[in-house]
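Residue numbers (my numbering), protein chains in the order written: chain A, 4 to 573; chain B, 4 to 192. Cβ atoms here follow ideal geometry from the backbone N, Cα and C, with glycine treated the same way. All figures in this text were calculated on a predicted structure; none of them were measured in a lab. A short write-up of the structure that comes next.
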Amino acid sequence: MAESIPADAMHAHDDHHHTEQSIWSKYVFSTDHKMIAMQYMFTGMAMALIGGFMAYAFRMQLAFPGIDVPGYGTVTASDYNALVTNHGTIMIFWVAMPVLIAAFGNYLIPLMVGCDDMVFPRLNRLSYQIFLLSAIVLIASFFVPGGGFGGAWTAYPPLSAKSQYSLTALGSSFWLVAVALEFTAFLLGGINFVTTAMNARAPGMKIFDIPIVVWMIVVASILFMSSVGPLIAGAVMLFMDQNVGTAFFDPDKGGDPILWQHLFWFFGHPEVYVVLLPAMGITAEIMCVFARKKMFAYKTFLYTTFATGILSFTVWAHHQFVAGIDPRMANIFTVTTLLISIPIAEMCFIYIATLYGGSIRLTTPMLWALAFVAEFLIGGVTGIFLGASGADIYFHDTYFVLAHFHYTFFPIAIIGTFAGFTYWFPKMFGKMMNDTLGKIHFWGTIIPFNFIFIPLFVLGAAGQHRRIYNYEHFPELAGVEMQDMRVLATVSMLVMLVFQLVFFYNCFISWKKKQKDAGKNPWKANTLEWTTDSPPPHGNWPELPTVYRGPYEYSVPGREEDYFPQNVPD
Amino acid sequence: MRPIATTRMAAGIPTGRLAIWWVVASEIVIFGGLLVSYIMHRLAKPEWGDHAANTNVWIGGFNTFVLLTSSLSAVLAHKAAVNGDGPKAAKLLYATCFGACTFVVVKALEWNMEISHGFTISSNTFWSFYYTAAGLHGLHVIAGAIIMLIIAETAKKNLELHRVELIGIYWHFVDIVWIFLFPLLYIAK
Numbered sequence: 004m005a006e007s008i009p010a011d012a013m014h015a016h017d018d019h020h021h022t023e024q025s026i027w028s029k030y031v032f033s034t035d036h037k038m039i040a041m042q043y044m045f046t047g048m049a050m051a052l053i054g055g056f057m058a059y060a061f062r063m064q065l066a067f068p069g070i071d072v073p074g075y076g077t078v079t080a081s082d083y084n085a086l087v088t089n090h091g092t093i094m095i096f097w098v099a100m101p102v103l104i105a106a107f108g109n110y111l112i113p114l115m116v117g118c119d120d121m122v123f124p125r126l127n128r129l130s131y132q133i134f135l136l137s138a139i140v141l142i143a144s145f146f147v148p149g150g151g152f153g154g155a156w157t158a159y160p161p162l163s164a165k166s167q168y169s170l171t172a173l174g175s176s177f178w179l180v181a182v183a184l185e186f187t188a189f190l191l192g193g194i195n196f197v198t199t200a201m202n203a204r205a206p207g208m209k210i211f212d213i214p215i216v217v218w219m220i221v222v223a224s225i226l227f228m229s230s231v232g233p234l235i236a237g238a239v240m241l242f243m244d245q246n247v248g249t250a251f252f253d254p255d256k257g258g259d260p261i262l263w264q265h266l267f268w269f270f271g272h273p274e275v276y277v278v279l280l281p282a283m284g285i286t287a288e289i290m291c292v293f294a295r296k297k298m299f300a301y302k303t304f305l306y307t308t309f310a311t312g313i314l315s316f317t318v319w320a321h322h323q324f325v326a327g328i329d330p331r332m333a334n335i336f337t338v339t340t341l342l343i344s345i346p347i348a349e350m351c352f353i354y355i356a357t358l359y360g361g362s363i364r365l366t367t368p369m370l371w372a373l374a375f376v377a378e379f380l381i382g383g384v385t386g387i388f389l390g391a392s393g394a395d396i397y398f399h400d401t402y403f404v405l406a407h408f409h410y411t412f413f414p415i416a417i418i419g420t421f422a423g424f425t426y427w428f429p430k431m432f433g434k435m436m437n438d439t440l441g442k443i444h445f446w447g448t449i450i451p452f453n454f455i456f457i458p459l460f461v462l463g464a465a466g467q468h469r470r471i472y473n474y475e476h477f478p479e480l481a482g483v484e485m486q487d488m489r490v491l492a493t494v495s496m497l498v499m500l501v502f503q504l505v506f507f508y509n510c511f512i513s514w515k516k517k518q519k520d521a522g523k524n525p526w527k528a529n530t531l532e533w534t535t536d537s538p539p540p541h542g543n544w545p546e547l548p549t550v551y552r553g554p555y556e557y558s559v560p561g562r563e564e565d566y567f568p569q570n571v572p573d
Numbered sequence: 004m005r006p007i008a009t010t011r012m013a014a015g016i017p018t019g020r021l022a023i024w025w026v027v028a029s030e031i032v033i034f035g036g037l038l039v040s041y042i043m044h045r046l047a048k049p050e051w052g053d054h055a056a057n058t059n060v061w062i063g064g065f066n067t068f069v070l071l072t073s074s075l076s077a078v079l080a081h082k083a084a085v086n087g088d089g090p091k092a093a094k095l096l097y098a099t100c101f102g103a104c105t106f107v108v109v110k111a112l113e114w115n116m117e118i119s120h121g122f123t124i125s126s127n128t129f130w131s132f133y134y135t136a137a138g139l140h141g142l143h144v145i146a147g148a149i150i151m152l153i154i155a156e157t158a159k160k161n162l163e164l165h166r167v168e169l170i171g172i173y174w175h176f177v178d179i180v181w182i183f184l185f186p187l188l189y190i191a192k
């Protein structure tokens, strides 16, 4: 193969030349990991706007039943079903995953392990293209006859399998195909992430020198790869039930609808950790930098993550306590579910121990990171009620469940993303963001967030069921106090949405060069991405770095500066 | 074109081989989910044995033999590639492809026969599993054969010989899936 090397070198030169020339190949068909990361980031943010708009439409319907929603129109009952279904699907599969794993993974892994690109750049590009296709198919599902799928994001059969029940024959299949394509994209991406972090590390970077966020994205990718398989098989079976006439999930013909629930939640619960871990990693990076302290118990954090990953495969049936599973089985899953809160709590203690005694700087990214831990704790603690089968029989399918998982997913997908985005913005675009606007946006998001979901906890505990289009039809749920709380939640959501304009304005003015240049290392951080230009050039470094120490050597005694970058020799 | 990242080997395993094992791992859970679903049904429903009696063990056995033989030629292709003999590796990969084609053609004839006897995918859940599992496996056989042809084309020119090993690993995986499917769908009565 010796003769192929000059040919490769020539290709490399051509490619580089080409990249500088054509806008088309620079922005659309790029194989550069940073550009693919931006494609994922902005596609994810666009989908977040769509998902947020859906939430706006159905929350308005719940607070003011029958109202002509400005910008949407009247929300009919089938609209409502399609909106809540696709809001959930979009926020998890088209916002949390592409932004937290694909965008940050693509951007950070090569820069943080010190190499010039992902190990399979073209596979990476293919992964984004499949992802984009999946997003288009999902949006298209709203415009087919019958409208978008309305059987909830969990797609339980027989509702999802039979068009005479769901009334959306085409919408259901489009939804399923979109989800399957999305899984394919993330399998390709995940293999790339894991292989890059394992094999392409800079000389000198041992496995315990890898920054935590890279570890977290890798473990999340492995969790995804090992949990999604049964659901892919399940999706094939459901698709055949919808379109070919099989009866995998139809009890009339010898199938079993509970089988789908097992296949779905065997993936669905690890999926929570798939999106949680990258957000945990982002938080850890930010806390070390802005507390100017070495991370407390790096290895314990890692082992805890592995324990979480393994345990996450043993808890899925806590979603099915009322689905007719054996009560003895429910006891076992109660125990495993309560067990999994231990490693997660341990991770939160590690954060607190890292902060303890540090010289804390309350910059915008740090505020987001602190809020992540505080808000996620509420989500975690309310999960205890739902994991215990006795309490869950009462709480199941109420707004208590809904508020619980929004207190986990909102910190993950929104707070975690804003933390990472504001922290790495100077690296990505070469400019500092405006800190005052950043803090206005922070408080304008966090305060309304709590005012949306705390009322929903109360409503859920009072017995308000989910997936109801108009509570006026349920006299015991239509009282004035309950309706007032629905209005409070909706109005808070409107306030929160308005404050997102501050974020976009801040991005815009920062990007338009009204802010000062970031320089290479504005936060005085140790990890490798801060040793190159902002934004990094094609190939990342003129000469790839060598690593001499771990990523969190802050405030090392006897050193003049309070940070010690990984690439500086002793 | 190829970044420096691809040529690094911090884990001590070549990047391509590492990645193909991750592909196999993610495929194992896909087939694993399908087969475990099937086995759980099967254990609860002894009457499925009567449905399974309608499958043809001889045709299934012949296909098992064909696939195992094709894996042998994949191994020999790998051996030739290790010795740097690209043209020989390509020939052996073509032989493996021939095995894949035989498998698919026999499978098509077998399905044709079964459908004409009235055992279709919607007859009952056993036959749904039968066609879905074997169909998903058949798609993997076809995809593997196409990739093998592409690799054989470059191997013929003595280029990218390490890919011969990668397709070999994948091919053995496809083979092993069938080793699970054959007894589960055909032999167990």
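{"Check": "Compare the C-alpha of Asp565 (chain A) against each of A:Lys209, A:Ile345, A:Ser362 and name the closest.", "Outcome": "A:Ser362"}
{"Check": "Cβ-heavy atom distance between Gly69 (chain A) and the ligand FMN below 6 Å?", "Outcome": "Only the bare structure without any ligand can be found here, which leaves the ligand FMN out of the picture."}
{"Check": "With the cut-off set at 7 Å, would you say Val247 (chain A) and Ile145 (chain B) are in Cβ contact?", "Outcome": "no"}
{"Check": "Considering just the uninterrupted stretch of the alpha helix (DSSP H) at Glu156 (chain B), what are its terminal residues?", "Outcome": "128-159"}
{"Check": "Taking any Cβ of chain B, which residues in the region 238-257 of chain A have a Cβ under 8 Å from it, in chain order?", "Outcome": "Val239, Met240, Met243, Val247, Gly248, Thr249, Ala250, Phe251, Lys256, Gly257"}
{"Check": "So the alpha helix (DSSP H) Tyr306 (chain A) belongs to, where does it begin and stop?", "Outcome": "301-314"}
{"Check": "If you draw a straight line from the alpha carbon of Tyr41 (chain B) to that of Gly237 (chain A), how long is it in whole angstroms?", "Outcome": "11 Å"}
{"Check": "Taking 8 Å as the cut-off, does the region 88-99 of chain B touch the region 119-133 of chain B (at least 3 CB pairs, one atom from each stretch)?", "Outcome": "no"}
{"Check": "Alpha carbon to alpha carbon, what distance is there between Leu126 (chain A) and Val221 (chain A)?", "Outcome": "17 Å"}
{"Check": "Can you tell me whether Asp573 (chain A) is helix, strand or coil according to DSSP?", "Outcome": "coil"}
{"Check": "Examine chain A for any beta-carbon lying closer than 7 Å to the beta-carbon of Gly52 (chain B), and answer yes or no.", "Outcome": "no"}
{"Check": "I'd like to check one pair, Ala310 (chain A) with Ala99 (chain A): are the Cβ atoms closer than 7 Å?", "Outcome": "no"}
{"Check": "Counting pairs of beta carbons, one from the region 533-543 of chain A and one from the region 110-123 of chain A, are three or more of them closer than 8 Å?", "Outcome": "yes"}
{"Check": "Tell me which residue opens and which closes the alpha helix (DSSP H) that Gln132 (chain A) is part of.", "Outcome": "124-143"}
{"Check": "Pair every Cβ in the region 96-105 of chain B with every Cβ in the region 56-76 of chain B, then say whether three or more of these pairs are closer than 8 Å.", "Outcome": "yes"}
{"Check": "Is the beta carbon of Ala105 (chain A) less than 7 Å from the beta carbon of Gly232 (chain A)?", "Outcome": "no"}
{"Check": "Assuming the contact rule is C-beta atoms closer than 8 Å, Arg489 (chain A) and Asp400 (chain A) should be a hit. Round their C-beta distance to whole Å, please.", "Outcome": "That pair is no contact at about 17 Å."}
{"Check": "Please check if any C-beta of chain A sits within less than 7 Å of the C-beta of Arg166 (chain B).", "Outcome": "no"}
{"Check": "Could you check what DSSP says for Val318 (chain A) in three-state terms: helix, strand or coil?", "Outcome": "coil"}
{"Check": "Interface residues of chain B around Cys351 (chain A) at Cβ under 9 Å?", "Outcome": "Chain B residues near Cys351 (chain A): none, gap ~30 Å exceeds 9 Å."}
{"Check": "May I ask you to list, following chain order, the residues of the region 217-238 of chain A that have a beta carbon less than 8 Å from some beta carbon of chain B?", "Outcome": "Met228, Ser229, Ser230, Val231, Gly232, Pro233, Leu234, Ile235, Ala236, Gly237"}
{"Check": "Any C-beta of chain B sitting closer than 7 Å to the C-beta of Asp212 (chain A)?", "Outcome": "no"}
{"Check": "Give a yes or no on whether 7 Å exceeds the smallest Cβ distance from Ser201 (chain A) to chain B.", "Outcome": "Per the sequence shown, residue 201 (chain A) should be read as Met rather than Ser. Yes, its Cβ sits closer than 7 Å to a Cβ of chain B."}
{"Check": "Can you check which of these residues, B:Glu156, B:His140, B:Glu168, is closest to Val177 (chain B) by C-alpha distance?", "Outcome": "B:His140"}
{"Check": "Looking at the C-beta of Val318 (chain A), does it have a partner C-beta in chain B at a distance below 7 Å?", "Outcome": "no"}
{"Check": "Which residues mark the beginning and the end of the alpha helix (DSSP H) in which Tyr551 (chain A) is found?", "Outcome": "Here Tyr551 (chain A) belongs to no alpha helix (DSSP H), and DSSP marks it neither H nor E."}
{"Check": "For Glu113 (chain B), which residues from the same chain have a beta carbon less than 6 Å from its beta carbon, with the 5 sequence-adjacent residues on both sides left out?", "Outcome": "Ile62"}
{"Check": "Looking at the secondary structure, which residues open and close the alpha helix (DSSP H) in which Trp27 (chain A) lies?", "Outcome": "26-30"}
{"Check": "Quick check on this structure: which residue in A:Ala391, A:Phe252, A:Glu479, A:Pro346 has the alpha carbon closest to the alpha carbon of His321 (chain A)?", "Outcome": "A:Ala391"}
{"Check": "Taking DSSP as the reference, what is the three-state secondary structure of Val247 (chain A)?", "Outcome": "coil"}
{"Check": "Nearest CA to the CA of Ala374 (chain A): which residue from A:Ala394, A:Gly153, A:Cys351?", "Outcome": "A:Cys351"}
{"Check": "Ignore the nearest five residues each way along the sequence and tell me which others in Val505 (chain A)'s own chain have a CB closer than 8 Å to its CB.", "Outcome": "Leu440, Ile443, His444, Gly447"}
{"Check": "Report the residue from A:Ile225, A:Thr385, A:Lys256 whose alpha carbon sits nearest the alpha carbon of Thr340 (chain A).", "Outcome": "A:Thr385"}
{"Check": "Any idea if Gly151 (chain A) is buried or exposed, counting beta-carbon neighbours within 10 angstroms, 16 or more meaning buried?", "Outcome": "buried"}
{"Check": "Determine the closest residue to Phe413 (chain A) out of A:Pro346, A:Ala372, A:Lys527, A:Phe252, with distance taken between C-alpha atoms.", "Outcome": "A:Ala372"}
{"Check": "Okay, do the region 261-270 of chain A and the region 143-163 of chain A touch, 3+ Cβ pairs below 8 Å being the bar?", "Outcome": "yes"}
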